[in-house]
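14 is the number of the first residue of the sequence shown in my numbering; add one for each residue after it.
Note that beta-carbon positions come from the ideal geometry of N, C-alpha and C, so glycine has one too.
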Amino acid sequence: MDERIREHARVLVEWSARVERGDDVVVSVGPDAHELAVAVCELLGERGANVATTYDSGELTRAYLRAHDGDFETPDHRLALYERADVVLSLGGGRNTSATADVPGEARQAYARAQTPVREARMDTRWVSTVHPTRSLAQQAGMAVEEYREFAYGAILRDWAALADEMGRMKDLLDEGSEVRLVKEDTDLTMSIEGRTAVNSAASVAYDSHNLPSGEVFTAPYAAEGEVFFDVPMTLHGKRVRNVRLAFEGGEVVDYSAEANEGVLEEILTTDEGARRLGELGVGMNRGIDRFTDNILFDEKMGDTVHMAVGRAYDSNLPESEEGNQSAVHVDMITDVSEDSRLEIDGEVVQRDGRFRWEEGFEG
Numbered sequence: 014m015d016e017r018i019r020e021h022a023r024v025l026v027e028w029s030a031r032v033e034r035g036d037d038v039v040v041s042v043g044p045d046a047h048e049l050a051v052a053v054c055e056l057l058g059e060r061g062a063n064v065a066t067t068y069d070s071g072e073l074t075r076a077y078l079r080a081h082d083g084d085f086e087t088p089d090h091r092l093a094l095y096e097r098a099d100v101v102l103s104l105g106g107g108r109n110t111s112a113t114a115d116v117p118g119e120a121r122q123a124y125a126r127a128q129t130p131v132r133e134a135r136m137d138t139r140w141v142s143t144v145h146p147t148r149s150l151a152q153q154a155g156m157a158v159e160e161y162r163e164f165a166y167g168a169i170l171r172d173w174a175a176l177a178d179e180m181g182r183m184k185d186l187l188d189e190g191s192e193v194r195l196v197k198e199d200t201d202l203t204m205s206i207e208g209r210t211a212v213n214s215a216a217s218v219a220y221d222s223h224n225l226p227s228g229e230v231f232t233a234p235y236a237a238e239g240e241v242f243f244d245v246p247m248t249l250h251g252k253r254v255r256n257v258r259l260a261f262e263g264g265e266v267v268d269y270s271a272e273a274n275e276g277v278l279e280e281i282l283t284t285d286e287g288a289r290r291l292g293e294l295g296v297g298m299n300r301g302i303d304r305f306t307d308n309i310l311f312d313e314k315m316g317d318t319v320h321m322a323v324g325r326a327y328d329s330n331l332p333e334s335e336e337g338n339q340s341a342v343h344v345d346m347i348t349d350v351s352e353d354s355r356l357e358i359d360g361e362v363v364q365r366d367g368r369f370r371w372e373e374g375f376e377g
């Protein structure tokens, strides 16, 4: 076994999920994530955790959704599994990144709504999602397999404690701020962040962070006004979506377009009432991610990017007395801020052309 797989497992179990003896752990394994699953389960055994494994395949999901009559119910047996779990580790690694591309949109929407209690129970655990660098992901990224593995492990096997210290600067700025404004070509969007708490997403549940790799600082904006252009292509529901434009009034999307697969965007925004509002504003700070790979787990963390998600807001960003935006979806979209852009907090520029104000090369 490649020693980087064992190191990946170690970071996931020890740093990210903080697994302890006696924890009830669910390990969800993608079709080609077998080696990572073996390394993870070995470590969980050494720690004396209690393990249940599940198999997560886009092809299985496709078969189920296309065959079903569309009258979905919440699966109580699956809900019970997550309600009893302390930790959920999701090891992505599918064989076809577009496996569900031909699932009807109405079936996908109905299924997402029925799964809402399951998602909520999962998010009440110390959950962490990661991916094993597979051939399908390399192909999606347009890279040779070995090249992609070098890239993936460069993003995953970081000095996370040091990166957490740096990202803490952005967290402090967002926590102290009331309003964020993003300006670039075809974008001028203002969002309120008053009363919200930013998350220093340093790839560990100790930081309220649930992705590996991570490397972003995110908060839950509201009252968005203006327009935003997402120029980083992404695969959503198995289809390539390009050049998304959203216009907001009163915090809600009032107009939208995409140059490719606009129907996917419409499907997302019409899932429920909350799908037309923002649930997240994130600032990418992982400079170990140096290119776009059409994988949101990596792309949204890349330095020189800002991303926003329509749909559900995370509880970690909200005061205890506030629910925040509720939705059955949480879909991230990314904009490149490496050139001719600025990010302002309460009128002060904190990032210009991808450089933060504490970095060399920043021009105020």
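(message) Less than 9 Å between the beta carbons of Val38 and Leu94, yes or no?
(response) no
(message) Less than 9 Å between the beta carbons of Met183 and Val245, yes or no?
(response) no
(request) Please name the residue, chosen from Gly337, Glu160, Gly83 and Glu133, that lies closest to Glu207 on a Cα-to-Cα basis. (result) Gly337
(message) Ignoring anything shorter than 4 residues, give me the alpha helix (DSSP H) runs that lie fully in the stretch 216-246, in order along the chain.
(response) none
(request) Express the C-alpha separation of Asn274 and Arg253 in angstroms, rounding to a whole number. (result) 7 Å
(message) Is the beta carbon of Val342 closer than 9 Å to that of Asp285?
(response) A contact, by the Cβ cut-off of 9 Å.
(message) On the DSSP letters alone, give me the boundaries of the alpha helix (DSSP H) that His250 sits inside.
(response) No alpha helix (DSSP H) contains His250, which DSSP labels as neither H nor E.
(request) Confirm, please, whether the CB-CB distance from Ala120 to Arg79 is below 9 Å. (result) A contact, by the Cβ cut-off of 9 Å.
(message) Arg31 and Gly71 - do their beta-carbons sit closer together than 9 Å?
(response) no
(request) To the nearest angstrom, report how far apart Ala62 and Gly251 are at their CA atoms. (result) 35 Å
(request) Tell me where the alpha helix (DSSP H) around Leu18 begins and ends. (result) A quick correction: the sequence has Ile, not Leu, at residue 18. Where Ile18 is concerned, the enclosing alpha helix (DSSP H) starts and stops at Glu16 to Arg23.
(request) Use the C-beta contact count for Pro44: other C-beta atoms within 10 angstroms, 16 or more gives buried, fewer gives exposed. (result) buried
(message) Here's the rule I'm using: 16 or more other beta-carbon atoms within 10 Å means buried, otherwise exposed. How should Ser340 be labelled?
(response) buried
(message) Can you tell me whether His90 is helix, strand or coil according to DSSP?
(response) helix
(message) What residue range does the alpha helix (DSSP H) around Gln378 cover?
(response) Coverage of the chain is limited to positions 14 through 377, which leaves residue 378 absent and any answer about it impossible.
(message) Would Ala168 and Glu160 be called neighbours here (beta carbons separated by less than 9 Å)?
(response) no
(request) Would you decide whether Gly377 is buried or exposed? Buried here means 16 or more other CB atoms lie within 10 Å of its CB. (result) Result: exposed.
(request) List the DSSP bridge partners of Thr110. (result) Note: Thr110 sits in no beta bridge, so no partner.
(request) Using 10 angstroms around the beta-carbon of Tyr68, count the other beta-carbons present and answer buried if the total reaches 16, otherwise exposed. (result) exposed
(request) Within its chain, find whatever has a CB closer than 6 Å to the CB of Phe85; leave out the 5 residues flanking it on each side and keep chain order. (result) Ala123, Tyr124 and Ala127
(request) Assuming Glu293 and Ala233 form a contact by the criterion Cβ under 8 Å, report the distance between their Cβ atoms to the nearest whole angstrom. (result) 6 Å
(request) Could you check the C-alpha separation between Gly287 and Arg370 for me, to the nearest Å? (result) 34 Å
(message) Tell me the residue span of the alpha helix (DSSP H) that contains Val53.
(response) His47 to Arg60 is the span of the alpha helix (DSSP H), which, as asked, contains Val53.
(request) Taking 9 Å as the cut-off, decide whether the C-beta atoms of Val230 and Met180 are in contact. (result) yes
(request) Pull up the distance between the alpha-carbon of Val42 and that of Gly360, whole angstroms please. (result) A direct Cα-to-Cα measurement between Val42 and Gly360 gives close to 45 Å.
(message) Short of 6 Å in beta carbon distance, which residues of its chain neighbour Arg194, apart from the five on each side in sequence? Order them along the chain.
(response) So the qualifying residues of the chain are Thr203 and Glu357.
(request) Pull up the DSSP beta-bridge partners for Asn299, would you. (result) Met315, per the DSSP bridge assignment.
(request) Classify Ala46 as buried or exposed, calling it buried when 16 or more other Cβ atoms lie within 10 Å of its own Cβ. (result) buried
(request) Please list, in chain order, all residues of the same chain as Ala215 whose beta carbon is under 7 Å from its beta carbon, the five residues on each side excluded. (result) Trp173, Leu176, Ala177, Met180, Ser222 and Ser227
(request) Thinking Leu291 and Ala237 are a contact (beta carbons under 8 Å), I'd like their distance in whole angstroms, please. (result) The Cβ separation is near 5 Å, so the contact holds.
(message) Taking a contact to mean a Cβ-Cβ separation below 9 Å, would you say Val40 touches Val64 in this structure?
(response) yes
(request) Could you tell me how far apart the beta carbons of Gly301 and His320 are, in whole angstroms, since I believe they sit closer than 8 Å? (result) Their Cβ separation, rounded to whole angstroms, is 17 Å, which puts Gly301 and His320 out of contact at 8 Å.
(request) Give the secondary structure of Glu373 by DSSP, where H, G and I count as helix, E and B as strand, and everything else as coil. (result) coil
(request) Just the C-alpha distance for Gly35 and Ala98, rounded to the nearest angstrom, thanks. (result) 11 Å
(request) Let me know if Pro146 comes out buried or exposed under the rule of 16 or more other beta-carbons within 10 Å of its beta-carbon. (result) Classification of Pro146: buried, given that the 10 Å Cβ count is 16 or more.
(message) I'd like to confirm the pairing. Which residues does DSSP put opposite His320 in its beta bridges?
(response) Gly295 and Ile347
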